[in-house]
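Trainee:
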Amino acid sequence: MASLVRALGSRAGASLRVRSAVPYRSFSNTTNPAASSEEEQLPFEQATIADILRAKGAGNDGSWLWCTTDDTVFDAVKSMTSHNVGALLVMKPDTSGAIAGIVTERDYLRKIIIQGRSSKTTKVGDIMTEENKLITLTPQTRLLKAMELMSDRRIRHIPVVEGQKMKGMLSIGDVVAAVVEEHREEVKRLSEYIKGSY
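The number in our numbering is simply the position in the sequence shown, starting from 1, with 115 added.
1) Please tell me whether Ala202 and Gln279 are closer than 8 Å, where the distance is taken between their beta carbons.
2) Keeping to the same chain, check which residues put their C-beta closer than 6 Å to that of Gly177; ignore five residues upstream and five downstream.
3) Tell me where the alpha helix (DSSP H) around Ala170 begins and ends.
4) From the DSSP output, which residues share a beta bridge with Thr244?
5) If the criterion is Cβ atoms closer than 8 Å, does the pair Trp181 and Val205 meet it?
6) Less than 8 Å between the beta carbons of Asp222 and Pro208, yes or no?
7) If you draw a straight line from the C-alpha of Ser266 to the C-alpha of Ser211, how long is it?
8) Rounded to whole angstroms, what's the CA-CA distance from Met243 to Val294? Just pull it up for me.
9) Do you know offhand how far Lys238's Cα is from Lys303's?
10) Quick check on Val200: does DSSP put it in helix, strand or coil?
11) Can you round the beta-carbon distance between Ala191 and Val218 to whole angstroms, since I take them to be within the 8 Å contact cut?
12) What's the C-alpha gap between Leu168 and Gly216?
13) Less than 6 Å between C-beta atoms, sequence neighbours within five positions excluded: which residues of the same chain meet that for Arg299?
14) How big is the Cα-Cα spacing for Glu301 and Ser233?
15) Please report the distance separating the alpha-carbon of Ala170 from that of Asp289.
16) Arg257 and Thr163 - do their beta-carbons sit closer together than 8 Å?
17) Give me whichever residues DSSP pairs with Lys238 in a beta bridge.
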């Protein structure tokens, strides 16, 4: 999958326009208050994680994809399964709301299944990737930078954090879907150009 992201990213040139992974919705240029009511498309290299999260919508941005260190691994995996995701941000159980780390499907496989441990008695804090090793993004991070991180570090989920607040979760699926949509739109524009309708 990482090689797919790398290949797609290398083909996403300056002429491409970023569109949402959600069909028929493009990223709005919210930095220009004078912009027309018709949504503007941003050059691919200028697209940010905030654009991706905005296009996904508040209910789908992943800001609620978290658990605490005191939750059982069973409950965490159950939450991942019910929401069809592969990772949860882990928060400290106190009122500070501080980030403790991240727990992923890979952690579950390597530290529970392979080691023969019980997911119902093991706490998330015992198997998570700790905060000092956690890679995060901010809403202002460029999409291309996120693609580079996912490819170089071979990771599939990166929490989007602002300060200590969870803003969302970016998955490799989000990135691939956005780039594939770009190529689809580029093919459409080229087709219209060839047909003379441009």
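For each residue, glycine too, the CB sits at the ideal point set by N, CA and C.
Mentor: Concretely, from the data shown:
1) It is not a contact, given that the beta carbons lie outside the stated cut-off.
2) Gly283, Met284
3) 164 to 171
4) Ile217
5) The Cβ atoms of Trp181 and Val205 lie closer than 8 Å to each other.
6) no
7) 33 Å
8) 30 Å
9) 50 Å
10) coil
11) 6 Å
12) 21 Å
13) Answer for Arg299: no residue qualifies.
14) 49 Å
15) 10 Å
16) yes
17) Thr187
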